[in-house]
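Written out below as structure tokens is the structure these notes cover.
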Ligand code: HEC
Ligand SMILES: [Cu+2]
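Residue numbers (the numbering used here): 2 to 358.
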């Protein structure tokens with residue numbers, strides 16, 4: 002009975018996972034809505050299914066999951082089969098007299114149900130250790146793109162230090178990665194423990210303050226892969242979404258090139274820029290050559306992103322305005338205060354940010 006409980010538990014977990022994937026699908030259709038034609042091409046909207054793996058480590062994890070499910074299913078069938086057979090075969094009838102044969106302390110039975118579970122546990126342990134060794138590499142795979150990931154309450158900072166020698170690309174919430182090339186992630190946290198989890202690309206890896214963890218993936222197809230912070234990290238944990246856009250090598254180079262362009266300077270939005278510097282914005286946000294705050298996301302190329310607030314809404318002029326007007330409306334409890342801009346200030350700051358391509 003113990004095994005069948007485990008199997009029932011596993012089945013219940015599977016159902017719950019499937020259910021929560023559905024819920025996330027509903028949530029991510031919002032953030033996946035293409036606000037520009039053509040942008041959403043290749044999105045596997047809300048696909049958080051580990052069985053749809055699209056990267057080497059994710060394949061390994063999927064195979065291990067299938068092995069565990071297969072063994073559990075076999076145990077379920079055997080145990081439930083014996084149970085049902087016994088219920089029918091030994092049911093009480095007119096012909097039964099007295100107690101059935103007592104097998105308490107039977108050596109063969111005791112040995113069987115000690116040794117068989119030991120073998121099963123041993124097989125599962127070996128398979129798990131093998132998978133861990135293949136998924137957790139000691140050092141970056143050859144030719145890997147190095148990416149530093151820093152978890153913040155409740156957004157992600159990405160730094161690509163070696164993409165172009167001598168300069169570091171800094172961005173937030175959306176990682177752009179080349180298809181077919183290994184990506185080596187070095188993860189740490191600026192505050193509490195977070196967990197980087199894009200189910201189709203790799204397993205969960207924790208981001209821990211004062212400690213660097215590593216993980217990697219190698220995406221096989223272009224497209225947008227979604228994920229979620231997988232370690233409860235405070236009020237807006239549920240809106241700490243992950244978004245990895247896997248693109249061709251040429252598109253990746255073009256993106257890097259665009260990210261390394263100096264900040265756009267547009268004379269027509271000088272007022273907005275001035276407001277950005279006068280209001281507290283500059284203390285928390287970096288715009289290269291303008292301000293150097295490190296508490297919030299880097300805004301130098303803000304408009305190259307698809308979403309705002311770590312996936313809480315698609316990024317467009319309306320959501321940007323709503324965000325700056327009061328971020329607490331879109332993402333209650335987030336660490337950007339409402340600065341109570343008057344409408345003129347708001348318009349000019351939004352106009353300025355919209356030029357940061
Ligand atoms: C106290 C620090 C702080 C101040 C002041 C501040 N911000 Fe923020 N800002 C943040 C944080 C933290 C986030 C990330 C919130 C999240 O996603 O949970 C953020 C997010 C943003 C975003 C979304 C970025 C993205 O990629 O999702 C924009 C745009 C932004 N801030 C603009 C501004 C502007 C304009 C001002 C000034 C009117 C300002 N911020 C003032 C801390 C601050
Ligand atoms: Cu988190």
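C-beta: ideal position from N, C-alpha, C; glycine also.
Closest residue to residue i among the options (Cα-Cα distance)
{"i": "residue 291", "options": "314, 354 and 203", "result": "354"}
{"i": "residue 75", "options": "99, 90, 117 and 275", "result": "117"}
{"i": "residue 337", "options": "298, 308 and 119", "result": "298"}
{"i": "residue 356", "options": "165, 246 and 263", "result": "263"}
{"i": "residue 210", "options": "92, 216 and 193", "result": "193"}
{"i": "residue 280", "options": "98, 343, 232 and 168", "result": "343"}
{"i": "residue 341", "options": "349, 226 and 327", "result": "327"}
{"i": "residue 177", "options": "258, 167 and 319", "result": "258"}
{"i": "residue 249", "options": "225, 267, 236 and 272", "result": "225"}
{"i": "residue 235", "options": "94, 84, 156 and 358", "result": "156"}
{"i": "residue 314", "options": "296, 283, 273 and 240", "result": "240"}
{"i": "residue 294", "options": "282, 305 and 304", "result": "282"}
{"i": "residue 133", "options": "62, 310 and 273", "result": "62"}
{"i": "residue 163", "options": "145, 140, 120 and 300", "result": "145"}
{"i": "residue 237", "options": "60, 101, 329 and 159", "result": "329"}
{"i": "residue 138", "options": "331, 216 and 56", "result": "216"}
{"i": "residue 305", "options": "255, 274 and 285", "result": "255"}
{"i": "residue 149", "options": "287, 318, 208 and 300", "result": "208"}
{"i": "residue 73", "options": "124, 95, 154 and 92", "result": "124"}
{"i": "residue 154", "options": "232, 267, 206 and 339", "result": "232"}
For residue i, the residue or residues it bridges with in DSSP
{"i": "residue 228", "result": "243"}
{"i": "residue 165", "result": "168"}
{"i": "residue 160", "result": "149 and 171"}
{"i": "residue 326", "result": "Paired residue(s): none; residue 326 is not in a bridge."}
{"i": "residue 287", "result": "293"}
{"i": "residue 189", "result": "151"}
{"i": "residue 266", "result": "Looking at the DSSP assignment, residue 266 forms no beta bridge with any residue, so it has no partner."}
{"i": "residue 248", "result": "179"}
{"i": "residue 308", "result": "315"}
{"i": "residue 209", "result": "212"}
{"i": "residue 184", "result": "146 and 218"}
{"i": "residue 196", "result": "207"}
Any non-hydrogen atom of ligand 2 closer than 7 Å to residue i Cβ
{"i": "residue 232", "result": "yes"}
{"i": "residue 195", "result": "yes"}
{"i": "residue 152", "result": "yes"}
{"i": "residue 198", "result": "no"}
{"i": "residue 155", "result": "yes"}
{"i": "residue 238", "result": "yes"}
{"i": "residue 283", "result": "no"}
heavy atom of ligand 1 below 7 Å from residue i C-beta
{"i": "residue 310", "result": "yes"}
{"i": "residue 208", "result": "no"}
{"i": "residue 336", "result": "yes"}
{"i": "residue 332", "result": "yes"}
{"i": "residue 174", "result": "yes"}
{"i": "residue 202", "result": "no"}
{"i": "residue 291", "result": "no"}
{"i": "residue 306", "result": "yes"}
{"i": "residue 220", "result": "no"}
{"i": "residue 235", "result": "no"}
{"i": "residue 297", "result": "yes"}
{"i": "residue 321", "result": "yes"}
{"i": "residue 350", "result": "yes"}
{"i": "residue 324", "result": "yes"}
{"i": "residue 286", "result": "yes"}
{"i": "residue 123", "result": "no"}
{"i": "residue 243", "result": "no"}
{"i": "residue 342", "result": "yes"}
{"i": "residue 277", "result": "yes"}
Integer-rounded CB distance, given that residue j should sit under 8 Å from residue i
{"i": "residue 70", "j": "residue 200", "result": "Residue 70 to residue 200, Cβ: 16 Å. No contact."}
{"i": "residue 230", "j": "residue 196", "result": "6 Å"}
{"i": "residue 152", "j": "residue 190", "result": "4 Å"}
{"i": "residue 307", "j": "residue 321", "result": "In fact, because the Cβ distance is near 12 Å, the residues do not count as touching under 8 Å."}
{"i": "residue 202", "j": "residue 220", "result": "6 Å"}
{"i": "residue 350", "j": "residue 277", "result": "6 Å"}
{"i": "residue 68", "j": "residue 128", "result": "6 Å"}
Sub-8 Å separation of residue i and residue j beta-carbons
{"i": "residue 270", "j": "residue 352", "result": "yes"}
{"i": "residue 312", "j": "residue 244", "result": "yes"}
{"i": "residue 302", "j": "residue 346", "result": "no"}
{"i": "residue 253", "j": "residue 58", "result": "no"}
{"i": "residue 204", "j": "residue 130", "result": "no"}
{"i": "residue 141", "j": "residue 198", "result": "no"}
{"i": "residue 1", "j": "residue 55", "result": "Only positions 2 to 358 of the chain appear in this structure, which leaves residue 1 out of reach."}
{"i": "residue 358", "j": "residue 265", "result": "yes"}
{"i": "residue 110", "j": "residue 102", "result": "no"}
{"i": "residue 309", "j": "residue 300", "result": "no"}
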